[in-house]
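S.K.: In this note's numbering, the protein residues as written are 19 to 275. I have a structure here, written as structure tokens, and I will follow up with some questions on it.
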């Protein structure tokens, strides 16, 4: 026991713990400051949920479409996290179909909101896109993953550490690794083990994820990069498209989309 305490008290260990705490606390404090200074602090009941103009009218776009979007969550929770959703449109379809997983109503909501709508005032960020034949091949897999999602009953939703909207989208994109994408570090819940496994292949199929119920985890993959999850807060690096990943602030560097 004395030996363990001495190792914990070692200067290098103390320095590592201090750096880790700073990487967790400072970005969240900055994000909180942005929120309280007016960024995203709008009344959710009157917030804009109209189209952000990220998708052309379906009737004007005959190609098949797949999109993954994310936007800051409602009120103070937006300091920490985003809400993500997935949109599909088969070739020649007259409308888009949007899938969300929410805390109210039927957990999996189909077309409950405008496909590219602002999420209670916050403009969506494009996470992934596919068009034409590539999208057409993905859509049956996406629809099957939505239909087969195991955590779709009333009461299954938990904002933290999951399963939430980001858990749902992570599970769906895992069914289409050819989309070659990952959710942003602010997608709290994406590391929750929807399949029940502590260790699994990452949704992109390019690495490995280990998680303790979404509370603590480590991810290493070509698409995901290196991510350390501490109580849902993600710190990481992306070497493929150079960037740092910070809690609250998200991805800072080259665009991942």
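Glycine included, every Cβ here is placed at the ideal spot set by N, Cα and C. Here the structure is a predicted model, which means the values were calculated and not measured.
Using 8 Å as the threshold, is the stretch 132-151 in touch with the stretch 159-176, meaning 3 or more CB pairs across them?
M.R.: no
S.K.: How about residue 140 and residue 131: do their beta carbons lie closer than 8 Å?
M.R.: Position 122 of the chain shown, counting from 1, holds the residue named residue 140. Position 113 of the chain shown, counting from 1, holds the residue named residue 131. No. Outside cutoff.
S.K.: Can you name the residues that DSSP bridges to residue 183?
M.R.: For the purposes of this step, residue 183 is taken as the residue at position 165 of the chain shown. Residue 183 pairs with nothing; no bridge assigned.
S.K.: Answer yes or no: do residue 69 and residue 87 have a C-beta to C-beta separation smaller than 8 Å?
M.R.: As a first step, residue 69 is located in the chain shown; it is residue number 51 there, counting from the start. As a first step, residue 87 is located in the chain shown; it is residue number 69 there, counting from the start. It is not a contact, given that the beta carbons lie outside the stated cut-off.
S.K.: Does the stretch 196-203 come close enough to the stretch 257-269 to have 3 or more Cβ pairs within less than 8 Å?
M.R.: yes
S.K.: Between which two residues does the alpha helix (DSSP H) holding residue 38 run?
M.R.: As a first step, residue 38 is located in the chain shown; it is residue number 20 there, counting from the start. Note, residue 38: alpha helix (DSSP H), 29-54.
S.K.: Would you call the CB atoms of residue 235 and residue 244 closer than 8 Å?
M.R.: Residue 235 sits at position 217 when you count from the first residue of the chain shown. Residue 244 sits at position 226 when you count from the first residue of the chain shown. No.
S.K.: Just mark residue 172 as buried or exposed, buried being the case when its beta carbon has 16 or more other beta carbons within 10 Å.
M.R.: On the chain shown, position 154 is the one that residue 172 refers to. Per the 10 Å Cβ criterion, exposed.
S.K.: Going along the chain, which residues of its own chain have a beta-carbon closer than 6 Å to the beta-carbon of residue 209, five neighbours each way excluded?
M.R.: Within the chain shown, numbered from 1, the residue matching residue 209 stands at position 191. Closer than 6 Å at the Cβ level, and outside the excluded window around residue 209, lie 229, 232, 235 and 247.
S.K.: Tell me the DSSP secondary structure of residue 231 in three-state form.
M.R.: Position 213 of the chain shown holds residue 231. Here residue 231 sits in coil by DSSP.
S.K.: Residue 190 by DSSP, collapsed to three states: which one?
M.R.: Working through the chain shown from its first residue, we reach residue 190 at position 172. In the structure shown, residue 190 sits in a helix (DSSP, three-state: H, G or I).
S.K.: Which residues in the same chain have their Cβ closer than 8 Å to the Cβ of residue 149, if we skip the five residues on either side of it in sequence?
M.R.: Within the chain shown, numbered from 1, the residue matching residue 149 stands at position 131. If we look at residue 149 and ignore the five residues flanking it on each side, its Cβ neighbours are 81, 82, 83 and 84.
S.K.: Give me the residue from 196, 33, 198 and 126 with the minimum Cα distance to residue 165.
M.R.: Here residue 165 corresponds to residue number 147 of the chain shown, with the count starting at 1. Checking every option, the nearest Cα to that of residue 165 belongs to 126.
S.K.: For residue 76, which residues in the same chain have their Cβ closer than 7 Å to its Cβ, ignoring the five residues on either side in sequence?
M.R.: Working through the chain shown from its first residue, we reach residue 76 at position 58. Around residue 76: 107, 111, 112, 113 and 114.
S.K.: With a threshold of 6 Å on Cβ separation, who are the neighbours of residue 241 within its own chain once the five nearest residues in sequence on each side are excluded?
M.R.: Within the chain shown, numbered from 1, the residue matching residue 241 stands at position 223. These residues qualify, in order along the chain: 198, 200, 222 and 224.
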